[in-house]
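Working notes, beginning with the structure itself.
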Amino acid sequence: MSSDIAAILAIDGIASGAIYVLIAIGFVLIFAVTRVIFVPFGDISAFTALTLAALETQRLPGTMGLVALLAVMATVMQVTADLQAGDHKAIPSTLFFYLLVPLVPVALMWFAAGTVMSMPVRMGLSLLLVLPIAPLLDRIVFRPIADASVLLLLTVSMALHFALVGLGLMFFGPEGVRTQPLTDASWEIAGMQVSLQTFLIVGSAVVFSALLYGFFELTLTGKALRATAVNRTGARLVGIRPAYTGTMAYVLASVLAGISGILISPVTTIFYDSGFLFGLRAFVGAIIGAMVNYPVTALGALLVGVLESFASFWSSAFKEVIVFSLLLPVLLWRSLSVGEVEDEAEE
Amino acid sequence: MSKIQFRYLTLAALLLLVTSPLYLNPFSMTLLNYIGVYGLVALGLVLLTGIGGMMSFGQAAFVGIGAYAGAWASALQGYSPWVGLMLAIVLSCSVALFLGAITLRLGGHFLALSTVAWGLSIFFLFGNLDGLGNYNGIANVPPISIGPLKLVASWQMFYLIWAIVLLALLASRNLLDSRSGRAMRALRGGNLLVESLGINAFATRLATFVMAALFAGLSGWLYAHLNRFVSPAPFEVHVGIDYLMMAMVGGATELIGAFIGSALVTLTKNSIQDYLPLIAKGASGQLEIVVFSIVFIVLLQRWRGGLISISSHLLPSPHHEIDGQVAPLSRRPLPHRDETLLTVDQVERRFGGLVAVDKVSFTLKAGEILGLIGPNGAGKSTMFNLLTGALRPNSGQVVFQGRDITHSPQRTIAKAGIARTFQHVKIRPKMTLLDNVLLGTHPRTRSGFFNGAFRLDRKEEAQARAEALRQLQRVGLGDKPFELAGNLPLGNQRVLEIARALAADPVLLVLDEPAAGLRRQEKQALAELLQSLRSENLTILLVEHDMEFVMGLVDRIVVMNFGCKICEGLPADVRQDPHVQDAYLGGLV
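Those protein sequence lines, which keep their order, are chains A and B.
In terms of my numbering, the numbers along the first sequence are unbroken and rise by one, the last being 347.
In terms of my numbering, the numbers along the second sequence are unbroken and rise by one, the last being 1589.
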């Protein structure tokens, strides 16, 4: 392999690694606050890409149906819960938050259908449309079992992923999509053509990670989220509602997933079921960061991107084998460096 | 349900199963075959997840290894299917050994997620290896033959499959009721207790993992010869999740849950395939997955323990006859009275900048009771953890019976004869009192997995049971040995811990606040017990806050404050010591 090829592969790898960084950080965020390993997270990313592609060709995106379906389900569940608790006064706010708010972007999309939109508007709308999915799923699936063990939550999360992939096929169809490039411009650096798009991808990953960091460090809501992550009971005692911080975590993470979907859609062809593999690759990064450490997670995700890019050059058939086998030495290193861990008592 | 009723019911169910080819049509027989094949994988998962507390999404990969081993050996290489069976067993076990060695030290969810990763890797390998037919797979797998008889019809395969299934079920049941099985059941809830009992937690996890992989590999081999065609698709990760669903929906805490789950999932899938097209015309295979996943989520939301949890009261409660006449387990020789047993020399332990134990030295003589006291935060529990190997000192030396144990792991120290109890009681609440105490006998007994599974351990097991019952009686809990430990009040749980420690036949008993939570009479009984143990030449080190209890019982006292030893001596002298009064009364006297 010449150094030119190596450089190109490295740049490619860093670009896709940057996208995995966003997903991996989202994984860590949701896990830390809710203890749910949200496997369908990659699917949210893929659905954003599919939504964007639909808007580009002036079609109605399948996301509308999905969001509407989830909003109705969540509303029915919450209203039933309100009624059972005898809390009739809560019903208007339930209707507002669970039905009206998620349906706003759907309605917007409905009215804007068929019009030609500029690229930033399309991106904004797609992002807005996928935002409600994860919080609604949280209400429907995870809140009834919020106190269950991590492993039970993980199993449910896996099942949810398969339900979503199935729904994805119904709402988006089997075709793969690839959106227009963000920009065609490219620069020559040290004798190599590097597209501006690569810079945009890496730049956005850096900017949004930094924004998230600022949010956690500087805002009260961010601190509440961190508090919940450290100790749920303690957070409750000082007046933080875990259900609220959970929803916040899902919304924030969905922003990350949405952005990663927008960034990845011009780079590779996306199918309704592409999300799982993105998610898993990002997940390898998250494990390198032990599901708690954001900077190490980001580095890990970058490493996965670079490795993937080199692996597909060496042997595209064994690309996935190589990437997922990477996890084994990482785990070995983790298990040797962490030493014996005392599991949470799950009896 | 009584034990007799349960026996008859089991017998009736077996009879119904054995005669099923007489009244079931071939299609139903095929379904029954698949229930058995899938149930075998789920059985491994019950052992792994429900019993051992490790979750695997990757079992489908082991099924694949077994299936490909069978198909490759018989269809491509022309060997007998039985050679394929050997290959399937060897391969699935050795791959499991390798993967387990790398991953099984990890905690709960990391382990679970790593299984997704290797599950995917192995799946992609099947699809990309030329020698295994890539994504097209291997066709024309020959049937299994026994002598001249070829097992082609579904009823013929039925007998082979269910013979293997019943054998696996029986072996697993036996195993759980043996020394190694108890170690497996103790894994859930953390390593600290397990290691303090002299059990190698990692080796036990690894053995459990290999066993689950073996069942999956066997299932794969059966699958290859049942289906007569092997391709990568049935070994994808989402199938691995189907297997997990079977175990969890059926109930992962009971072995039979695996087959309830397997039957439920197989039949539900079958009827979704049958009825879904009637409800939704032109429904695709994807809709099946959606419906199936939703059913699964709702089931787990409603019954976290699986279906068996609804009917678990129907299962007979565990009960064993205990033969009191059996020869006792051999005991280790105790040291002579007043011989130096334990020397703690300049031991120091720091946590970051905090010096929890600061160059503390003391000695312990055989046959005495030494009290370790001090205000909260004095470093007593840290000292305890240093002695028992739960923590390592930064400097200093601990010598036990002439042997340096400063850096020995917990289980080595446990085996050397130091048995401990915990300040925060660590018992296994879902196990009976007897089983909890039996855990203590682990280092005194030998039987391994194989002996346990095939009941070659009964003599030793009877000895161990008699010993455990004797210790239960000794601490005053002998009247209900088959009660679940979790049902005891906290005070009695502490006493149970002492019985468990005694079952290990220790030289030194290390008790962390044994009287906390006991009522007055119970404290008195405990003091009498400890005194009688001392009269048998057992050495006891105890941390305690209850001064009345300590002063009346111990021979000598060591007082710690802020990590340092401030005084050592007879109870009466210690009471008069100005440093001690200072430490306890805050310097006002």
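The C-beta atom is built at its ideal place from N, Cα and C for all residues, glycine as well.
Only a predicted model underlies this, so the values are computations on that prediction, with no experimental measurement involved.
Alpha carbon of I1322(B) to alpha carbon of T34(A), nearest angstrom: 48 Å
Every unbroken beta strand (DSSP E) inside the stretch 1400-1431 of chain B [3 residues or more]: 1418-1420
Identified DSSP bridge partners for C1564(B): N1561(B)
Straight-line gap, L1370(B) to A1356(B) (C-alpha atoms, nearest Å): 21 Å
Stretch-stretch touch, CB-based, cutoff 8 Å, three pairs: the stretch 1222-1238 of chain B with the stretch 1060-1073 of chain B: yes
Proximity test, Cβ basis, 9 Å: F1124(B) and chain A: yes
Beta carbon proximity, I145(A) to chain B, threshold 9 Å: yes
Chain B residues whose Cβ lies nearer than 8 Å to that of E320(A): L1120, S1121 and F1124
Burial state of F171(A), where buried means 16 or more other Cβ atoms lie within 10 Å: buried
Residues near N1451(B) by beta carbon distance below 7 Å, same chain, minus five either side: D1457
Exposed unless 16 or more other CB atoms sit within 10 angstroms - verdict on W110(A): exposed
Separation of A282(A) from A148(A), as counted between CA atoms: 25 Å
Segment contact, 8 Å Cβ cut-off, at least three pairs: the stretch 1337-1352 of chain B with the stretch 1516-1524 of chain B: no
Chain-ordered neighbours of L1244(B) on chain A, where CB pairs are closer than 7 Å: T155
Within chain A, the residues that I1418(B) reaches when beta carbons sit closer than 7 Å: The contacting residues do not exist; I1418(B) stays about 19 Å from chain A at best.
Per-residue contacts from M158(A) into chain B (C-beta, under 7 Å): F1057 and I1241
Limits of the beta strand (DSSP E) - the one that L1542(B) falls within: T1539 to V1543
Same chain, Cβ closer than 6 Å to P135(A), neighbours up to 5 away in sequence not counted: T247, Y250 and V251
Collapsed DSSP secondary structure at V1507(B) in the structure displayed: coil
Sufficient close CB pairs (3 or more, under 8 Å) joining the stretch 1126-1146 of chain B to the stretch 1007-1022 of chain B: no
Beta-carbon separation (whole angstroms), L1372(B) vs K1359(B), contact threshold 8 Å: About 16 Å separates the two Cβ atoms, so there is no contact after all.
Within chain B, partners of S325(A) - CB distance below 9 Å: A1117, W1118 and S1121
Inside the stretch 216-248 of chain A only - beta strand (DSSP E) runs reaching at least 3 residues: none
Local Cβ density within 10 Å of W333(A), reported as buried at 16 or more and exposed below that: exposed
CA nearest to the CA of P105(A), picked from G279(A), M123(A) and I91(A): M123(A)
Contact belief for E56(A) with Q180(A) at Cβ below 8 Å, rounded distance in angstroms: 6 Å
Residue from I5(A), I14(A), S3(A) and A7(A) whose Cα sits closest to the Cα of V306(A): I14(A)
Integer Cβ distance of P102(A) from V67(A), believed to fall under 8 Å: 6 Å
Sub-9 Å separation of N1128(B) and V194(A) beta-carbons: no
L1509(B) and L1553(B) closer than 9 Å at C-beta: no
Host alpha helix (DSSP H) of D1595(B) (start-end): Because chain B here runs from 1001 to 1589, residue 1595(B) falls outside it and cannot be looked at.
CB contact below 9 Å: T1432(B) versus chain A: no
Residue-chain proximity (Q1273(B), chain A), Cβ-Cβ < 9 Å: no
Distance between F1110(B) and K1480(B) (C-alpha atoms, nearest Å): 39 Å
Helix, strand or coil at L1623(B) according to DSSP, with G and I counted as helix: Examination of residue 1623(B) is not possible in this model, given that chain B is present from 1001 through 1589 alone.
Buried versus exposed, by CB contacts within 10 Å (16 or more), M1245(B): buried
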